[in-house]
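Colleague:
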Amino acid sequence: MLEDIDRIGPAIVVMVAAGLVLLADIVAPLVLGGHRREGDRGWLAFGVLAALAGAAVWAATLVLRDREAPAFSGTYSLDAFTTFFTFLFLGVAALVVLASADTVRKLRFQAEFWSLLLLATSGMMLLAGARDLMLIFIALELTSISQYVLVGILRDDRSSEAALKYVLLGAISSAVLLYGMAFLFGIAGTTKLVAPDGVLSIASVIAEGDPGTRAALIGAAVLLAAGFSFKVGLVPFHMWVPDIYEGAATPVAAFLSVGSKAAGFAVLLRIFHEGFGADSFIGSDWSNLFAAVAAVSMTVGNVIALRQTDMRRLLGYSSIAQAGNIAVGVAAISASDGGFGLGSSGVTFFLATYVFTNLGAFFAVIAISHHIGSFEIKDYAGMAKRAPLVAAALAFCFISLTGLPPTAGFWAKIYIFNAGIHSDLVWLVIVAVLNSAVSAYYYLRVVRHMYLDEAPAEGDIKISPMLAVALTTTVVGVLVVGLVPTFLIDAAERAVTALV
Amino acid sequence: MLTFLVFLPAFAAIVIFTLPRSEERQAKLMALAVTGVLLVLSLVLFAFFDRGEEGLQFVEKFRWIRAEAAGLDIHYFLGIDGLSLTMVILTTFLFTVAILISWNVDKRPKEYFAWLLLLETGVLGVFTAQDLILFFLFWEVELVPMYFLISVWGSGRKEYSAMKFVLFTLAGSALMLVGFLVLAFSAEPSTFDMQALQEADISNALLPLPAIFFLIFAAFAIKMPIVPLHTWLPDAHTDAPTAVSVILAGVLLKMGGYGMLRILIGIMPDTAQDYAVWLASLAAISIIYGAIVTLRQTDLKRLIAYSSVSHMGYVLLGIAALGHVGMTGATLQMFSHGIITGLLFVMVGMIYDRAHTRDVNELSGLAHVTPIIAVAMILAGLASLGLPTMSGFVAELMVFLGAFERFEVATILGVIGILLSAGYILWMVRRIMFGPKSERWAELPDATSWWEQVPMVAMLAVIIVVGIFPAVLIDVIDQAILPLAGKLV
Chain A
1 MLEDIDRIGP
11 AIVVMVAAGL
21 VLLADIVAPL
31 VLGGHRREGD
41 RGWLAFGVLA
51 ALAGAAVWAA
61 TLVLRDREAP
71 AFSGTYSLDA
81 FTTFFTFLFL
91 GVAALVVLAS
101 ADTVRKLRFQ
111 AEFWSLLLLA
121 TSGMMLLAGA
131 RDLMLIFIAL
141 ELTSISQYVL
151 VGILRDDRSS
161 EAALKYVLLG
171 AISSAVLLYG
181 MAFLFGIAGT
191 TKLVAPDGVL
201 SIASVIAEGD
211 PGTRAALIGA
221 AVLLAAGFSF
231 KVGLVPFHMW
241 VPDIYEGAAT
251 PVAAFLSVGS
261 KAAGFAVLLR
271 IFHEGFGADS
281 FIGSDWSNLF
291 AAVAAVSMTV
301 GNVIALRQTD
311 MRRLLGYSSI
321 AQAGNIAVGV
331 AAISASDGGF
341 GLGSSGVTFF
351 LATYVFTNLG
361 AFFAVIAISH
371 HIGSFEIKDY
381 AGMAKRAPLV
391 AAALAFCFIS
401 LTGLPPTAGF
411 WAKIYIFNAG
421 IHSDLVWLVI
431 VAVLNSAVSA
441 YYYLRVVRHM
451 YLDEAPAEGD
461 IKISPMLAVA
471 LTTTVVGVLV
481 VGLVPTFLID
491 AAERAVTALV
Chain B
1001 MLTFLVFLPA
1011 FAAIVIFTLP
1021 RSEERQAKLM
1031 ALAVTGVLLV
1041 LSLVLFAFFD
1051 RGEEGLQFVE
1061 KFRWIRAEAA
1071 GLDIHYFLGI
1081 DGLSLTMVIL
1091 TTFLFTVAIL
1101 ISWNVDKRPK
1111 EYFAWLLLLE
1121 TGVLGVFTAQ
1131 DLILFFLFWE
1141 VELVPMYFLI
1151 SVWGSGRKEY
1161 SAMKFVLFTL
1171 AGSALMLVGF
1181 LVLAFSAEPS
1191 TFDMQALQEA
1201 DISNALLPLP
1211 AIFFLIFAAF
1221 AIKMPIVPLH
1231 TWLPDAHTDA
1241 PTAVSVILAG
1251 VLLKMGGYGM
1261 LRILIGIMPD
1271 TAQDYAVWLA
1281 SLAAISIIYG
1291 AIVTLRQTDL
1301 KRLIAYSSVS
1311 HMGYVLLGIA
1321 ALGHVGMTGA
1331 TLQMFSHGII
1341 TGLLFVMVGM
1351 IYDRAHTRDV
1361 NELSGLAHVT
1371 PIIAVAMILA
1381 GLASLGLPTM
1391 SGFVAELMVF
1401 LGAFERFEVA
1411 TILGVIGILL
1421 SAGYILWMVR
1431 RIMFGPKSER
1441 WAELPDATSW
1451 WEQVPMVAML
1461 AVIIVVGIFP
1471 AVLIDVIDQA
1481 ILPLAGKLV
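Next up, the structure:
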């Protein structure tokens, strides 16, 4: 029992920290004086970072102490996949904390913001290792509900509208998801996704390949895919993305765009590549499902992005298109020579690079827009003169999102398209590459405004040191992976060898 | 050696980016020094190149991305043979010229030279890379510098032209990537090494070989360009600054022809044989259509841009001939056209700097006022129409000789193209140089500065030397083309 708790230790640290942050906020005025709802609680951010660091250290010791094994009767599994995503989520959270510290100081609900962020992160960390439908649902709801509130934390009209939309659509998608899970439970008789040989699990039931269950299984697959497609923002469940990115506070949108996407795809890999199985009798069915979803998402996301005038909505539609790119990897079911799924390693590698790239773009937007008070793309005119380094960072991240060298995005696309080719999805890869070419237009359009147009106003833009650190970290990450991608590719491949 | 050649400009560019804005002169001198060093280096390579020995020389190869389990065995593999060396010399020479004629750039000069140097790295990388993904990487590297160079320092509808250039090129390279991935996957074991792929058995690929061929061909067809995918070219050439037009016409277009020879014919010679007729037909269409449209142009830059479409048609015709003479002619035409068109753009740039117009209808009688410019321009024009003693003649002759055996009609159309090019060149020269002396241009200064005269003379010298004694280059080209032609028999 203790060992199992040890295995989910990092998530527990984060959860406890969430509670402690709230507690500190209540205790602080008693100790330091001042009213509860007033005052700059900027120091809370450091506590949050400390907690995240602590969780990371714990996760590292788990690996060093060789603790990787199933836990809690096999519902949770600490393996290379879990560890990879644990570090990824902790990194995302830390970067978002750094970038948003200044914005949060001006909020009314500072401690609540950090607490919700930590809770969402802990939910994601549990999601990465969850191997049981119930645990998946619980962790998913933990993450989602925290995010619903985070979206509305600004408490103005736009945020409240966005939060309400998110709650309603999220609740429906959770219901659909649950329905799919019920189907699976009905067919398999257990909620365990995978288990050691001899023990009943969903994977073992599907591997038996009873043709009578085929229709029900496909139904379950569709429902599950639908539920998760909402979470990651794939067509046709993408309508919430631009509205929420526009309404929520920008750091929250940044967190959503990479965090919930990474968590959603991690679970998709667990459920489909592990549970349903790439070479099971319905392998090609769900693969085709995701291929179709990917193709449509990329196209819809890119085409609508062409017409956007608001930076946040542009990033939202770009997010949908990039989710489509990642879905290509989910659809790629062929195995590689190393025995792991090429598509899964592609998804994992792409997610890691996407985290850096997209966070970089969002942080640059935070830096610029919060200064000029506008998110309109045309107000970014002349930014290259007013904020040369930030503009360069944004341009670089956009070049990475397009997939041009020497950025991480270039290798991510090559890897995932290669996975698609190996899985005989040549048509899908052609759609994907042409979409990349189309996306260049709207990414370069922003770059053009920044570098070619005259600035409507004068004055240099200063950004806070913490935001600068966060932005620099992401850009350096994109560049380093762009030049030497091998170490991240190896890490991703090692992570997915854990997927049965 | 080759790594130094390819990456020196990139390092210099990074250094220049970090220089303070006031150090303009340093930036220019550094850029000139770098391109000069590279030119010397490429001539050294030329001198030490073993024309008798087949295969790649000065090879640098080591494993780079080792994700073999994923089928991504990517090598850092640079090497040159005769074909690459010719292109490398062309590139280093034209970039030095480009730096020289940009000496007076006044708008953000530091960044201008930095982007030009980054572009040089990209192009040199394309010509020396022997691994498909490395090739693709360098092919994509040239996009961002070109976008900035055209959209910031260009004229006219520069932003539109720059975006059009990027989108067309990206669409082509997107399809090329798919072709490369399928090609690499079809080999056993999967590899991106171009040399290995030439020997590998690729018959059981995921897509039928012609499909792969045309996916990759798309990128080269857009680059060369081949009618009807050429519509980006007139805009990009006209609206780009002079030096960038020189590089675009002189070097970037050749990336298409080089890719066809190196990749399409090197790796898929049988498919090339099957579809040679199509290539020859497209070539003929490009030649004639390009020439006819050129006749209608009144903007000097647009005129030369369309003439490039026509002249690159000769390259495709030579490639389609799939024989030793034809392909050698195509390569020589790439080199020759690069220098000739480069020179033409240089001259137009000089005229525009002085007269501030490129309209053929407005300029007249310039020979009386600016004799040096006039002589250079007339010589450049004569070279362009293929006058004997100049390199264009040798190249086009070889192309026709090589192509006539298999494609009589296309060759005849090609020769008619020469007629048409004589038409537009002589007409243009007569109008602007020899018309009545106009009051408006009476005070135009001639080309007297060193940084204008040196490139002019150098380019003319190369054109004439190669025209009179082509063996100096053909020896080198043969080293690569002979084995290539041998594969096609």
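Chains A and B, in that order, are what the protein sequence lines are. Just so it is clear: in the first sequence, position 138 is 138 by the working numbering, and no numbers are missing. Start counting at 1 in the second sequence, then tack on 1000, and there's your number in the working numbering. Backbone N, C-alpha and C fix where the C-beta goes; we use that ideal spot for every residue, glycine too.
1) Mind listing the chain B neighbours of Tyr415/A? Cutoff is C-beta to C-beta under 7 Å, in chain order.
2) Of all Cβ atoms in chain A, is any one closer than 8 Å to the Cβ of Tyr1160/B?
3) Let me know the secondary structure DSSP gives Ala220/A once reduced to three states.
4) Chain A beta carbons: is any one of them nearer than 8 Å to that of Met1163/B?
5) By the DSSP assignment, the alpha helix (DSSP H) with Asp1274/B in it spans what residues?
6) How is Gly373/A classed by DSSP in three states: helix, strand or coil?
7) Could you tell me the boundaries of the alpha helix (DSSP H) in which Ala1067/B lies?
8) Check Ala263/A in the structure and name its three-state DSSP category.
9) Glu493/A touches chain B at which residues, Cβ-Cβ below 8 Å?
10) Quick one: grab the DSSP three-state call for Pro236/A.
11) Short of 6 Å in beta carbon distance, which residues of its chain neighbour Gly1342/B, apart from the five on each side in sequence? Order them along the chain.
12) Below 7 Å on C-beta distance, what does Ser1151/B contact in chain A?
13) Cβ of Tyr343/A within 8 Å of Cβ of Ala361/A?
14) Suppose you measure from the CA of Arg214/A to the CA of Val293/A; what does that come to, to the nearest Å?
15) On the DSSP letters alone, give me the boundaries of the beta strand (DSSP E) that Gly212/A sits inside.
16) Locate the alpha helix (DSSP H) running through His422/A, then write down its first and last residues.
17) Below 8 Å on the Cβ atoms is my guess for Glu493/A versus Ala1184/B; work out the distance and round it to an integer in Å.
18) Between the C-alpha atoms of Arg1431/B and Trp411/A, what's the straight-line distance to the nearest angstrom?
19) Assuming contact is defined by CB atoms lying nearer than 8 Å, are Leu1002/B and Leu1078/B in contact in what I supplied?
20) Tell me which same chain residues have a C-beta within less than 8 Å of the C-beta of Lys385/A, skipping the five on either side of it?
21) Out of curiosity, what's the CA-to-CA distance linking Gly74/A and Asp132/A?
22) Check the C-beta distance from Phe259/A over to Met125/A and give it rounded, since I have them as a contact under 8 Å.
23) Check whether the region 1336 to 1356 of chain B and the region 1316 to 1327 of chain B touch, using three or more Cβ-Cβ pairs below 8 Å as the test.
24) Quick one: any contact between the region 1367 to 1380 of chain B and the region 1281 to 1292 of chain B, if contact means 3 or more CB pairs under 8 Å?
25) Quickly, what does DSSP pair Gly1318/B with across the bridge? List them, please.
26) How about Glu1120/B: is its C-beta nearer than 8 Å to some C-beta of chain A?
27) According to a CB-to-CB cut-off of less than 7 Å, which residues of the region 1164 to 1191 of chain B neighbour chain A?
28) How about Lys1110/B and Arg1021/B: do their beta carbons lie closer than 8 Å?
29) Could you give the residue range of the alpha helix (DSSP H) that holds Phe290/A?
30) Hey, is the region 2 to 19 of chain A in contact with the region 67 to 83 of chain A, meaning 3+ C-beta pairs nearer than 8 Å?
31) Taking Trp1451/B as the reference, give the member of Gly1290/B, Ile1099/B, Arg1051/B with the closest Cα.
32) What number of angstroms, rounded off, separates the C-alpha of Val1123/B from the C-alpha of Phe1138/B?
33) If we call anything under 8 Å between Cβ atoms a contact, is Ile1116/B one with Ala1218/B?
34) Is the beta carbon of Ala93/A closer than 8 Å to that of Val22/A?
35) What distance in whole Å lies between the Cβ atoms of Ala408/A and Thr357/A, which are believed to be in contact at a cut-off of 8 Å?
36) Take Val1178/B and list the residues in its own chain whose beta-carbon comes closer than 8 Å to its own, dropping the five residues that flank it on each side.
Modeller: If we stick to the structure as given:
1) Numbered from 1 along the first sequence, position 415 holds the residue referred to as residue 415/A. What Tyr415/A touches in chain B: Ala1070, Leu1072.
2) Numbered from its first residue, the second sequence carries residue 1160/B at position 160. Closer than 8 Å: no.
3) Here residue 220/A refers to the residue found at position 220 of the first sequence. Correct three-state label for Ala220/A: helix.
4) If you number the second sequence from 1, residue 1163/B lands on position 163. Yes - at least one Cβ of chain A is within 8 Å of the one on Met1163/B.
5) Locating residue 1274/B in the second sequence gives position 274, where the first residue counts as 1. Looking at the DSSP string, the run of the alpha helix (DSSP H) that includes Asp1274/B is 1269 to 1274.
6) Within the first sequence, residue 373/A is the residue found at index 373, counting from 1. Coil, per DSSP.
7) Along the second sequence, read from residue 1 onward, the residue named residue 1067/B stands at position 67. Run containing Ala1067/B: none in the alpha helix (DSSP H); it sits in the beta strand (DSSP E), 1057 to 1067.
8) The sequence position of residue 263/A within the first sequence is 263, counting from 1. Correct three-state label for Ala263/A: helix.
9) For the purposes of this step, residue 493/A is taken as the residue at position 493 of the first sequence. For Glu493/A, the residues of chain B that pass the 8 Å Cβ criterion are Ala1067, Ala1069, Ala1070, in the order they occur in the chain.
10) The count along the first sequence starts at 1 and reaches residue 236/A at position 236. In the structure shown, Pro236/A adopts coil according to DSSP, grouped into three states.
11) As a working note, residue 1342/B is residue 342 in the second sequence. If we look at Gly1342/B and ignore the five residues flanking it on each side, its Cβ neighbours are Leu1094, Val1246, Gly1250.
12) The residue you call residue 1151/B lines up with position 151 of the second sequence. Contact note: Ser1151/B reaches chain A through Arg448, Leu452, using a C-beta cutoff of 7 Å and chain order.
13) Position 343 of the first sequence, counting from 1, holds the residue named residue 343/A. Position 361 of the first sequence, counting from 1, holds the residue named residue 361/A. In the sequence on display, residue 343/A carries Gly and not Tyr. Not in contact: Gly343/A and Ala361/A (Cβ atoms no closer than 8 Å).
14) Against the first sequence, residue 214/A aligns to sequence position 214. Against the first sequence, residue 293/A aligns to sequence position 293. Their Cα atoms are separated by approximately 21 Å.
15) The residue labelled residue 212/A in the question sits at position 212 within the first sequence. No beta strand (DSSP E) contains Gly212/A, which DSSP labels as neither H nor E.
16) To locate residue 422/A, count along the first sequence from 1; it is residue 422. 408 to 422 is the extent of the alpha helix (DSSP H) around His422/A.
17) Reading the first sequence from its first residue, position 493 is the one you call residue 493/A. Reading the second sequence from its first residue, position 184 is the one you call residue 1184/B. No, Glu493/A and Ala1184/B are not in contact; Cβ-Cβ is about 18 Å, not under 8 Å.
18) For the purposes of this step, residue 1431/B is taken as residue 431 along the second sequence, with counting starting at 1. For the purposes of this step, residue 411/A is taken as residue 411 along the first sequence, with counting starting at 1. Looking at the backbone, the Cα of Arg1431/B and that of Trp411/A are separated by about 53 Å.
19) Mapped onto the second sequence, residue 1002/B falls at position 2. Mapped onto the second sequence, residue 1078/B falls at position 78. Closer than 8 Å, so yes.
20) As a working mapping, residue 385/A is identified with position 385 in the first sequence. Leaving aside the five residues that flank Lys385/A on each side, the residues in its chain whose CB is nearer than 8 Å to its CB run, in chain order, Ala455.
21) By one-based count along the first sequence, residue 74/A stands at place 74. By one-based count along the first sequence, residue 132/A stands at place 132. Those two C-alpha atoms are separated by around 8 Å.
22) For the purposes of this step, residue 259/A is taken as the residue at position 259 of the first sequence. For the purposes of this step, residue 125/A is taken as the residue at position 125 of the first sequence. Strictly speaking, residue 259/A in this sequence is Gly, with Phe absent from that position. The beta-carbon distance between Gly259/A and Met125/A, rounded to whole angstroms, is 11 Å. This is too long to meet the 8 Å contact definition.
23) Taking 8 Å as the limit for Cβ pairs, the verdict is that the region 1316 to 1327 of chain B does not touch the region 1336 to 1356 of chain B.
24) Contact fails: fewer than three Cβ-Cβ distances are below 8 Å.
25) Here residue 1318/B corresponds to residue number 318 of the second sequence, with the count starting at 1. None, per the DSSP bridge assignment.
26) Sequence index remark: in the second sequence, residue 1120/B carries index 120 (1-based). Answer no: the Cβ-Cβ gap between Glu1120/B and chain A never drops below 8 Å.
27) Within the region 1164 to 1191 of chain B, the residues whose Cβ lies closer than 7 Å to some Cβ of chain A are Val1166, Leu1167, Leu1170, Ala1171, Ala1174, Leu1175, Leu1177, Val1178, Leu1181, Val1182, Phe1185, listed in chain order.
28) If you number the second sequence from 1, residue 1110/B lands on position 110. If you number the second sequence from 1, residue 1021/B lands on position 21. Result yes, Cβ atoms of Lys1110/B and Arg1021/B sit closer than 8 Å.
29) Residue numbering aside, residue 290/A sits at position 290 when the first sequence is read from its first letter. Unbroken alpha helix (DSSP H) run through Phe290/A: 283 to 305.
30) These segments touch.
31) On the second sequence, residue 1451/B is found 451 positions in, with the first residue counted as 1. When only C-alpha atoms are compared, the closest one is Ile1099/B.
32) Counting from 1 along the second sequence, the entry for residue 1123/B is found at position 123. Counting from 1 along the second sequence, the entry for residue 1138/B is found at position 138. Their Cα atoms are separated by approximately 7 Å.
33) Looking up residue 1116/B in the second sequence gives position 116. Looking up residue 1218/B in the second sequence gives position 218. Just to set this straight, residue 1116/B is Leu in the shown sequence, not Ile. The answer is no: Cβ separation not under 8 Å.
34) Counted from its first residue, the first sequence places residue 22/A at position 22. Counted from its first residue, the first sequence places residue 93/A at position 93. Residue identity check: residue 22/A is Leu in the sequence provided, not Val. Taking 8 Å as the Cβ cut-off, Leu22/A and Ala93/A do not qualify as a contacting pair.
35) Sequence index remark: in the first sequence, residue 357/A carries index 357 (1-based). Sequence index remark: in the first sequence, residue 408/A carries index 408 (1-based). Contact holds; Cβ gap of about 6 Å.
36) What you label residue 1178/B is simply residue 178 of the second sequence in a count that begins at 1. The answer, listed in chain order, is Leu1215.
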